[in-house]
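Colleague: Every number in our numbering is 1212 more than the matching position in the sequence shown, counting from 1.
Handing you this structure, nothing more for now.
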Amino acid sequence: RAQRDKQLSQVGDLTVLSQSASENIKETLSQLQQKDKYIHLLQNARSKADSINLALAVNLKSVLKDGIEDQDVEVQVDKTVVFINLSDKMLYKSGSAEITPRAKEVLGKIAQIVQSRPDLEVMVEGYTDNVPIKNDCMKDNWDLSVKRATSVVRVLQKDYNVDPNRLIAAGRGEYNTLATNDTAEGRATNRRTRIIILPKLNQFYDLLNPNNVPVAGN
(Lines of atoms letter the chains of each structure in order from A and count residues from 1; the text may use other names and numbers.)
(Lines give C-alpha, C1' and ligand atoms only; values in the text may rest on other atoms or scores of the structure.)
Protein backbone atom coordinates (compact mmCIF):
# COMPACT_ATOMS: atom_id res chain seq x y z
CA ARG A 1 0.00 0.00 0.00
CA ALA A 2 2.82 2.39 0.86
CA GLN A 3 4.39 1.70 -2.53
CA ARG A 4 1.10 2.39 -4.30
CA ASP A 5 0.60 5.66 -2.40
CA LYS A 6 4.09 6.72 -3.40
CA GLN A 7 3.36 5.92 -7.06
CA LEU A 8 0.09 7.85 -6.93
CA SER A 9 1.92 10.81 -5.38
CA GLN A 10 4.50 10.74 -8.18
CA VAL A 11 1.73 10.66 -10.79
CA GLY A 12 0.13 13.65 -9.10
CA ASP A 13 3.43 15.53 -9.14
CA LEU A 14 3.86 14.77 -12.83
CA THR A 15 0.36 16.07 -13.52
CA VAL A 16 1.12 19.32 -11.72
CA LEU A 17 4.43 19.65 -13.58
CA SER A 18 2.69 18.91 -16.87
CA GLN A 19 0.08 21.60 -16.22
CA SER A 20 2.78 24.07 -15.21
CA ALA A 21 4.83 23.28 -18.32
CA SER A 22 1.75 23.68 -20.47
CA GLU A 23 1.04 27.08 -18.95
CA ASN A 24 4.66 28.12 -19.48
CA ILE A 25 4.50 27.04 -23.11
CA LYS A 26 1.27 28.98 -23.63
CA GLU A 27 2.81 32.07 -22.02
CA THR A 28 5.94 31.74 -24.17
CA LEU A 29 3.87 31.35 -27.33
CA SER A 30 1.80 34.38 -26.34
CA GLN A 31 4.97 36.43 -25.81
CA LEU A 32 6.38 35.31 -29.16
CA GLN A 33 3.12 36.21 -30.87
CA GLN A 34 3.18 39.64 -29.24
CA LYS A 35 6.84 40.06 -30.24
CA ASP A 36 5.98 39.19 -33.85
CA LYS A 37 3.23 41.82 -33.83
CA TYR A 38 5.68 44.34 -32.39
CA ILE A 39 8.24 43.59 -35.10
CA HIS A 40 5.52 43.84 -37.74
CA LEU A 41 4.43 47.18 -36.27
CA LEU A 42 8.00 48.51 -36.42
CA GLN A 43 8.45 47.28 -39.99
CA ASN A 44 5.22 48.92 -41.10
CA ALA A 45 6.18 52.17 -39.38
CA ARG A 46 9.62 52.10 -41.01
CA SER A 47 8.11 51.43 -44.43
CA LYS A 48 5.59 54.24 -43.95
CA ALA A 49 8.31 56.65 -42.78
CA ASP A 50 10.50 55.78 -45.76
CA SER A 51 7.63 56.41 -48.18
CA ILE A 52 6.71 59.71 -46.53
CA ASN A 53 10.32 60.89 -46.54
CA LEU A 54 10.77 59.97 -50.18
CA ALA A 55 7.68 61.99 -51.10
CA LEU A 56 8.94 64.86 -48.93
CA ALA A 57 12.33 64.82 -50.68
CA VAL A 58 10.69 64.81 -54.12
CA ASN A 59 8.55 67.81 -53.15
CA LEU A 60 11.59 69.69 -51.83
CA LYS A 61 13.59 69.02 -54.98
CA SER A 62 10.65 70.18 -57.06
CA VAL A 63 10.21 73.53 -55.28
CA LEU A 64 13.96 74.18 -55.00
CA LYS A 65 15.00 73.42 -58.57
CA ASP A 66 14.02 76.76 -60.14
CA GLY A 67 16.83 79.29 -60.33
CA ILE A 68 19.14 77.49 -57.90
CA GLU A 69 22.45 75.96 -58.89
CA ASP A 70 22.80 72.26 -58.11
CA GLN A 71 25.93 72.78 -56.00
CA ASP A 72 24.08 75.24 -53.75
CA VAL A 73 21.29 72.89 -52.64
CA GLU A 74 21.34 69.13 -52.12
CA VAL A 75 18.42 67.04 -50.84
CA GLN A 76 19.04 63.56 -49.45
CA VAL A 77 16.99 60.88 -47.70
CA ASP A 78 18.68 58.73 -45.07
CA LYS A 79 16.46 56.25 -43.21
CA THR A 80 13.91 58.26 -41.22
CA VAL A 81 15.22 61.76 -41.93
CA VAL A 82 15.53 64.17 -44.85
CA PHE A 83 18.69 66.29 -45.21
CA ILE A 84 18.90 69.60 -47.07
CA ASN A 85 22.47 70.84 -47.52
CA LEU A 86 22.74 74.55 -48.35
CA SER A 87 25.98 76.16 -49.47
CA ASP A 88 27.60 78.91 -47.45
CA LYS A 89 27.97 81.29 -50.40
CA MET A 90 24.25 81.24 -51.13
CA LEU A 91 23.09 81.67 -47.53
CA TYR A 92 25.36 84.24 -45.92
CA LYS A 93 27.49 87.24 -46.53
CA SER A 94 31.17 86.38 -46.17
CA GLY A 95 32.33 85.94 -42.56
CA SER A 96 28.94 86.83 -41.11
CA ALA A 97 25.69 85.23 -40.02
CA GLU A 98 23.53 87.65 -42.01
CA ILE A 99 21.15 85.90 -44.38
CA THR A 100 21.18 87.07 -48.01
CA PRO A 101 17.93 88.07 -49.77
CA ARG A 102 18.36 85.11 -52.14
CA ALA A 103 18.67 82.75 -49.20
CA LYS A 104 15.41 84.04 -47.73
CA GLU A 105 13.63 83.05 -50.94
CA VAL A 106 15.05 79.54 -50.70
CA LEU A 107 14.16 79.25 -47.02
CA GLY A 108 10.64 80.38 -47.87
CA LYS A 109 10.26 77.44 -50.25
CA ILE A 110 11.56 75.06 -47.60
CA ALA A 111 9.17 76.58 -45.04
CA GLN A 112 6.28 75.94 -47.42
CA ILE A 113 6.99 72.20 -47.36
CA VAL A 114 7.72 72.18 -43.63
CA GLN A 115 4.39 73.87 -42.89
CA SER A 116 2.59 71.10 -44.73
CA ARG A 117 3.98 68.55 -42.27
CA PRO A 118 3.31 69.79 -38.71
CA ASP A 119 4.22 66.35 -37.32
CA LEU A 120 7.91 66.87 -38.13
CA GLU A 121 10.71 68.75 -36.39
CA VAL A 122 13.35 70.85 -38.13
CA MET A 123 16.96 70.93 -36.96
CA VAL A 124 19.33 73.49 -38.48
CA GLU A 125 23.06 72.73 -38.19
CA GLY A 126 25.79 75.24 -39.05
CA TYR A 127 29.24 74.11 -40.24
CA THR A 128 32.43 76.05 -41.07
CA ASP A 129 35.91 75.37 -42.42
CA ASN A 130 38.96 75.53 -40.16
CA VAL A 131 40.09 79.03 -41.11
CA PRO A 132 40.15 81.16 -37.92
CA ILE A 133 37.40 83.76 -37.87
CA LYS A 134 38.56 87.38 -38.03
CA ASN A 135 35.59 89.23 -36.65
CA ASP A 136 35.11 91.11 -33.39
CA CYS A 137 31.52 89.84 -33.21
CA MET A 138 32.55 86.17 -33.38
CA LYS A 139 34.85 84.40 -30.93
CA ASP A 140 35.60 81.41 -33.14
CA ASN A 141 34.11 79.01 -35.69
CA TRP A 142 31.91 77.44 -33.03
CA ASP A 143 30.37 80.84 -32.47
CA LEU A 144 29.96 81.49 -36.18
CA SER A 145 28.30 78.13 -36.85
CA VAL A 146 25.79 78.56 -34.02
CA LYS A 147 24.91 82.13 -35.04
CA ARG A 148 24.38 81.05 -38.64
CA ALA A 149 22.07 78.22 -37.62
CA THR A 150 20.17 80.61 -35.36
CA SER A 151 19.81 83.10 -38.23
CA VAL A 152 18.16 80.44 -40.38
CA VAL A 153 15.82 79.43 -37.57
CA ARG A 154 14.80 83.06 -37.01
CA VAL A 155 13.94 83.49 -40.69
CA LEU A 156 11.80 80.33 -40.63
CA GLN A 157 10.01 81.53 -37.50
CA LYS A 158 9.64 85.28 -38.07
CA ASP A 159 9.35 85.51 -41.85
CA TYR A 160 7.50 82.28 -42.57
CA ASN A 161 5.67 81.54 -39.30
CA VAL A 162 7.11 78.09 -38.66
CA ASP A 163 6.22 77.08 -35.10
CA PRO A 164 9.36 77.69 -32.96
CA ASN A 165 8.49 74.61 -30.90
CA ARG A 166 9.44 72.58 -33.97
CA LEU A 167 12.78 74.32 -34.56
CA ILE A 168 16.24 73.40 -33.26
CA ALA A 169 19.42 75.41 -33.91
CA ALA A 170 22.85 73.79 -33.53
CA GLY A 171 26.45 74.62 -34.44
CA ARG A 172 29.08 72.03 -35.38
CA GLY A 173 31.95 74.47 -35.90
CA GLU A 174 34.83 73.29 -38.10
CA TYR A 175 34.26 69.65 -37.21
CA ASN A 176 32.38 66.82 -38.98
CA THR A 177 33.95 67.79 -42.29
CA LEU A 178 32.84 66.50 -45.68
CA ALA A 179 36.14 67.27 -47.40
CA THR A 180 39.71 68.24 -46.63
CA ASN A 181 40.37 71.75 -45.39
CA ASP A 182 43.70 71.79 -47.25
CA THR A 183 42.17 73.10 -50.48
CA ALA A 184 39.91 76.03 -51.31
CA GLU A 185 37.39 73.65 -52.88
CA GLY A 186 37.35 71.44 -49.79
CA ARG A 187 36.90 74.40 -47.47
CA ALA A 188 34.00 75.64 -49.60
CA THR A 189 32.36 72.21 -49.29
CA ASN A 190 32.75 72.24 -45.52
CA ARG A 191 31.18 75.69 -45.18
CA ARG A 192 27.54 74.73 -45.24
CA THR A 193 24.26 74.67 -43.36
CA ARG A 194 22.26 71.50 -43.07
CA ILE A 195 18.52 71.42 -42.44
CA ILE A 196 17.34 68.10 -41.05
CA ILE A 197 13.65 67.22 -41.18
CA LEU A 198 12.88 64.41 -38.76
CA PRO A 199 10.02 62.81 -36.81
CA LYS A 200 9.31 64.23 -33.38
CA LEU A 201 10.96 62.26 -30.57
CA ASN A 202 7.65 61.45 -28.90
CA GLN A 203 6.64 59.54 -32.05
CA PHE A 204 9.63 57.27 -31.58
CA TYR A 205 8.85 56.87 -27.88
CA ASP A 206 5.25 55.93 -28.68
CA LEU A 207 6.46 53.39 -31.21
CA LEU A 208 8.94 51.84 -28.78
CA ASN A 209 6.39 51.62 -25.97
CA PRO A 210 5.38 47.94 -25.60
CA ASN A 211 2.02 49.07 -24.20
CA ASN A 212 1.11 50.21 -27.71
CA VAL A 213 1.55 46.71 -29.14
CA PRO A 214 -1.73 44.88 -29.84
CA VAL A 215 -2.48 42.23 -27.20
CA ALA A 216 -2.00 38.68 -28.43
CA GLY A 217 -5.21 37.20 -29.73
CA ASN A 218 -6.76 40.59 -30.62
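Idealized CB from N, CA, C, for every residue including glycine.
Given the structure is predicted, the values throughout are model-derived calculations rather than measurements.
Can you give me the start and stop residues for the beta strand (DSSP E) that ALA1382 sits inside?
Modeller: For the purposes of this step, residue 1382 is taken as the residue at position 170 of the sequence shown. That run of the beta strand (DSSP E) goes 1379–1383.
Colleague: Under a three-way DSSP split, which group does GLY1398 fall into?
Modeller: Here residue 1398 is taken as the residue at index 186 of the sequence shown, counted from 1. If DSSP states are grouped into helix, strand and coil, GLY1398 belongs with the helices.
Colleague: Residues bridged to GLY1338 by DSSP?
Modeller: Mapped onto the sequence shown, residue 1338 falls at position 126. The partner list for GLY1338 (beta bridge, DSSP) reads GLY1383, THR1405.
Colleague: Less than 8 Å between the C-beta atoms of ILE1296 and ARG1366, yes or no?
Modeller: Counting from 1 along the sequence shown, the entry for residue 1296 is found at position 84. Counting from 1 along the sequence shown, the entry for residue 1366 is found at position 154. Result no, Cβ atoms of ILE1296 and ARG1366 do not sit closer than 8 Å.
Colleague: For the beta strand (DSSP E) holding ASP1290, just list the boundary residues, first then last.
Modeller: Working through the sequence shown from its first residue, we reach residue 1290 at position 78. Counting along the chain, the beta strand (DSSP E) containing ASP1290 begins and ends at 1285–1290.
Colleague: Pick out whichever of LEU1368, TYR1387, ASP1375 has its Cα sitting closest to the Cα of VAL1318.
Modeller: Taking the first residue of the sequence shown as 1, we reach residue 1318 at position 106. The shortest C-alpha separation from VAL1318 is found at LEU1368.
Colleague: Need the endpoints of the alpha helix (DSSP H) that ASN1353 sits in, please.
Modeller: Taking the first residue of the sequence shown as 1, we reach residue 1353 at position 141. Element bounds for ASN1353: 1353–1366.
Colleague: Please go through the same chain and pick out, in chain order, the residues whose beta-carbon is closer than 7 Å to the beta-carbon of MET1335, but skip the five residues on each side of it.
Modeller: In the sequence shown, counting from the first residue as 1, residue 1335 sits at position 123. Excluding residues within five positions, the ones whose Cβ falls inside 7 Å are ILE1380, ALA1382, ILE1408, LEU1410.
Colleague: Using C-beta distances below 6 Å, list every residue in its chain close to ILE1311, excluding the 5 sequence neighbours before and after it, in chain order.
Modeller: Against the sequence shown, residue 1311 aligns to sequence position 99. The residues are SER1363, VAL1367.
Colleague: The alpha helix (DSSP H) spanning VAL1318 covers which residue range?
Modeller: Looking up residue 1318 in the sequence shown gives position 106. Segment 1313–1327, the alpha helix (DSSP H) holding VAL1318.
Colleague: Have a look at the DSSP bridge pairing and note the partners of TYR1169.
Modeller: Lying before the first or after the last residue shown, residue 1169 is absent from the chain, which here runs from 1213 to 1430.
Colleague: On a CA-only basis, which of ASP1290, ASN1393, VAL1287, VAL1326 is nearest ASN1342? Give me that one, please.
Modeller: Here the question's residue 1342 lines up with position 130 in the sequence shown. For ASN1342, the nearest C-alpha among the options comes from ASN1393.
Colleague: Do you know how far the Cα of GLY1385 is from the Cα of ASN1402?
Modeller: Counting from 1 along the sequence shown, the entry for residue 1402 is found at position 190. Counting from 1 along the sequence shown, the entry for residue 1385 is found at position 173. In a straight line, the C-alpha of ASN1402 is about 10 Å away from that of GLY1385.
Colleague: Using alpha carbons as the reference points, say which of GLN1283, VAL1293, VAL1270, GLY1320 lies closest to GLU1397.
Modeller: Residue numbering aside, residue 1397 sits at position 185 when the sequence shown is read from its first letter. Measuring from the Cα of GLU1397, the nearest candidate turns out to be GLN1283.
Colleague: Give the DSSP-derived three-state secondary structure of PRO1411 in the structure shown.
Modeller: As a position in the sequence shown, residue 1411 is number 199, starting the count at 1. Strand at PRO1411.
Colleague: In its own chain, which residues sit with a C-beta less than 7 Å from the C-beta of GLN1360, not counting the 5 before and 5 after it?
Modeller: Here residue 1360 corresponds to residue number 148 of the sequence shown, with the count starting at 1. Inspection of the sequence shows that residue 1360 is occupied by Arg rather than by Gln. The residues are TYR1304, ALA1309, GLY1338, THR1405.
Colleague: Consult DSSP for VAL1270 and reduce its assignment to one of helix, strand or coil.
Modeller: Counting from 1 along the sequence shown, the entry for residue 1270 is found at position 58. Three-state DSSP puts VAL1270 in a helix.
Colleague: Quick test of your reading: LEU1276 and LYS1321, contact by CB under 8 Å. State the CB separation rounded to the nearest angstrom.
Modeller: Translated into positions along the sequence shown, residue 1276 becomes position 64. Translated into positions along the sequence shown, residue 1321 becomes position 109. That belief holds up - the Cβ atoms of LEU1276 and LYS1321 are roughly 6 Å apart, short of 8 Å.
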